[in-house]
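As you go down the protein sequences, you meet chains F and B in turn.
Everything in the first sequence is counted per the UniProt record's numbering, starting at 1 for the first residue and increasing by one.
Everything in the second sequence is counted per the UniProt record's numbering, starting at 1 for the first residue and increasing by one.
A virtual CB, placed ideally from N, CA and C, is assigned to each residue, including glycine.
If you're wondering where the values come from, they're calculated on a predicted model, not measured in any experiment.
Take a look at the structure set out below.
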Amino acid sequence: MPIKYVGRTTDFKGKTLWEIVGNLKNFGVGRIVVRSTFERYPEPSYLKICKVEALANEDPRKVRVWAEKVFRGRKYPKIVEVCSASYKPDYRLIPKDEEEAYCKRESLGALEKINILPQTIPFPPLLREFILADRHAKGEDVTKEPEMEMVYNDSRDGLSRKAREGEEPNVKFEPGIGTPKSPELYANVQRG
Amino acid sequence: MLRSINAIGCNFKYLGLQVASDLKINPICVHCVRWKRKPRWLPVAKSKIYRIPERPKIPENERIELKRLHDRYNTHMRAVRKYFAQEFRDSSATSLAALQETKDEEEKHLLCMKENEEWNKQVALLREQRLIKLKEARHESILAKKVAFEERQKERLEKAEQLVREEKERAKFYITADNIDRAIEEAMASPVDHNYAIDLEGHMYRGRKTKPSDVPPDELEKIKVQGQVS
C-alpha cells in the first residue's frame, strides 16, 4: 500500500538518530551519519560516531551520541555531543563503501578564508545629517566624518569576525542595498 | 462602510432595538471592524479542520537575496541601536558628563553659601548696632516714664493727705453720740426757713409768712439769676 502523507510538509528527510543507531552493530560506533539539512552545502558535513548512550523510551525517543563533527569541510576541534536534536527525523546513514568518497569531497577552500568585517561604517544619511547638526550646535569639529561602530553576532563556526584595530577588512561595506547575490532579480530595475 | 453599519443595525434588531431611533448612533462615529475574524479562543472551524496551508515556494535566488538583505538590515539596525544606547548612557544621570555637572553645581553652591555667610555677618553687625541703639532709647524712655509716674504718685499722695487733713479739721464739728442732744437742741433753737417769694421786679421776700410790707424797701435784696450779669 502506497504511503500517503497527511499534514504539513517538512524539510526533514530521513530517520531519527535512534532509528539508525539502534539497528547497527555496536550502536554504529565508527559509522558516519549525515544530517540532510546540511547536505545543501557543497562541502561535506557529517558526524562520525564515537560513543552512544541509549536513553529511556520516551516520546520523542532521543539518544545521546558523541561524535566527531565536520561542518562544511571544517572539523571541530572537540568531540560534539548530540542529544537534543537526535529525535529529528533528518539523519541519513552513509553506507560503508561510500564513506571514503563522501568524506573526501574537499571543500573548495572558500571557507578557509575568514570574513573580516569592518569595524565602523558611515552613518545612514539622515542620521549623519542630524549628528553633524548636533555637533555644529555644540561647536565641535564638523569636518570629521562621523563613523558608526558595528556590532556583530558571534558566528558559531568562527567564519567571520570583526576587524581588529588597524586591520583592513576584506568585506567592504557598500552603501544602498549592497552587492546583490542574485543580480538577475534586479535586471529590470532602472536606477535614477 | 454603510454596509457594515447596516450589519450592526441588524444585530441590534435581534435585541429588539431600533438602532437609529433607540440608540441614536451617529454613522460618522461608528468605528468599522474591517477584518472580522473568529475569536481567538474558539477552535478551528469545521470547514477548515483538515485544510493544510500550502508551503510558500520561494525561488532559491530570491531566498538568498532576501536573506542577504534582511541580514544587512539587521546588522545596520543593531549598530544604530548601539549608537543610540551609547548616546543615552552618555547623557543619562550616571554618565561622566552628568557627574561632572553635578560636581560643578555643588562647588558653585558652596561658593554661594560662603558669600551668603559673609553677607549675613555684615548684616548681623549692623543689626547689633541698631539693636543697641534701640535698647538705649527704650531704657531712657522707660526711665522717664518711671520718673513721671513717681512724681504723679507723689502728687496724688499729697492731695490725699491734704484731703485727710481737711477732713480731720472738719471732724471737730461732727455730730457724734456724745453731742447729738446738744446739736438737736441747737437746731431746735434756731429754725431755718429756706422759703421765699419773689415779685415781678425780682425782689426776694425771705420767710414763709413774711409779707411784702414787713420788709423795709431799703433792705430788699434782688434774686441772682445764673448766667446773667446784673
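Residue i at chain F interface by Cβ criterion, 8 Å
| i | result |
| --- | --- |
| R51 of chain B | no |
| A124 of chain B | no |
| R78 of chain B | yes |
| N116 of chain B | no |
| K46 of chain B | no |
| E62 of chain B | yes |
| E107 of chain B | no |
| L69 of chain B | yes |
| R89 of chain B | no |
| residue 237 of chain B | Beyond the ends of chain B as shown, which are 1 and 230, falls residue 237 of chain B; an answer cannot be given. |
| K82 of chain B | yes |
| T75 of chain B | yes |
| R55 of chain B | yes |
| R72 of chain B | yes |
Contact belief for residue i with residue j at Cβ below 8 Å, rounded distance in angstroms
| i | j | result |
| --- | --- | --- |
| K162 of chain F | Q119 of chain F | 6 Å |
| I121 of chain F | S160 of chain F | Between S160 of chain F and I121 of chain F the Cβ distance is about 15 Å, and since that is not below 8 Å, they are no contact. |
| R55 of chain B | T9 of chain F | 6 Å |
| Y41 of chain F | R72 of chain F | 5 Å |
| I32 of chain F | I94 of chain F | 4 Å |
| R64 of chain F | E53 of chain F | 4 Å |
| I177 of chain F | L69 of chain B | 7 Å |
Below-8 Å beta-carbon distance, residue i vs any chain B residue
| i | result |
| --- | --- |
| P180 of chain F | yes |
| T9 of chain F | yes |
| L127 of chain F | yes |
| L108 of chain F | With a pLDDT of 47 at L108 of chain F, under the threshold of 50, the modelled position of this residue cannot be trusted, and the question is left open. |
| E43 of chain F | no |
| V142 of chain F | no |
| V189 of chain F | no |
| E149 of chain F | yes |
| I177 of chain F | yes |
| E184 of chain F | yes |
| Y152 of chain F | yes |
| L17 of chain F | no |
Beta strand (DSSP E) segment containing residue i, residue limits
| i | result |
| --- | --- |
| I116 of chain F | N115 to L117 |
| L69 of chain B | No beta strand (DSSP E) holds L69 of chain B; the alpha helix (DSSP H) holding it covers E60 to S91. |
| L47 of chain F | Y46 to A54 |
| T9 of chain F | Careful: T9 of chain F lies outside any beta strand (DSSP E) and carries neither H nor E. |
| A144 of chain B | Note, A144 of chain B: premise wrong, no beta strand (DSSP E); alpha helix (DSSP H) at L96 to A171. |
| I198 of chain B | Y196 to I198 |
Opposing strand residues paired with residue i [DSSP bridges]
| i | result |
| --- | --- |
| L93 of chain F | F:V33 |
| A163 of chain F | Answer is none; A163 of chain F lacks a bridge partner. |
| V80 of chain F | F:A67 |
| K222 of chain B | B:H203 |
| E147 of chain F | F:P122 |
| K75 of chain F | F:V70 |
Proximity test, residue i beta-carbon vs the ligand GDP heavy atom, cut-off 7 Å
| i | result |
| --- | --- |
| A163 of chain F | Ligands displayed in this structure: none; no statement on the ligand GDP is therefore possible. |
Limits of the unbroken alpha helix (DSSP H) element including residue i
| i | result |
| --- | --- |
| V21 of chain F | L17 to V21 |
| W66 of chain F | Note, W66 of chain F: premise wrong, no alpha helix (DSSP H); beta strand (DSSP E) at V63 to F71. |
| H136 of chain F | P125 to K138 |
| A177 of chain B | From DSSP, A177 of chain B is part of no alpha helix (DSSP H); its letter is neither H nor E. |
Problem - Contact the segment 146-154 of chain F vs the segment 67-83 of chain B: 3+ CB pairs below 8 Å - result: Short answer: they touch.
Practice task
State whether the segment 11-29 of chain F contacts the segment 58-69 of chain F, with contact taken as three or more CB pairs (one from each stretch) at a distance under 8 Å.
Solution key: At 8 Å Cβ cutoff, the stretches touch.
Exercise for the section: Decide if the segment 169-185 of chain F is in contact with the segment 64-80 of chain B; the criterion is three or more beta carbon pairs, one per stretch, under 8 Å apart. Expected result: The segment 169-185 of chain F vs the segment 64-80 of chain B: in contact.
Exercise for the section: Would you be able to state if there are at least three C-beta pairs under 8 Å between the segment 44-59 of chain F and the segment 88-108 of chain F? Expected result: For the pair of segments examined, the segment 88-108 of chain F was found to touch the segment 44-59 of chain F: the number of CB pairs separated by less than 8 Å reaches three.
Practice task
Would you be able to state if there are at least three C-beta pairs under 8 Å between the segment 80-97 of chain F and the segment 122-137 of chain F?
Solution key: Note that the segment 122-137 of chain F does not touch the segment 80-97 of chain F; fewer than 3 beta-carbon pairs, one per stretch, sit closer than 8 Å.
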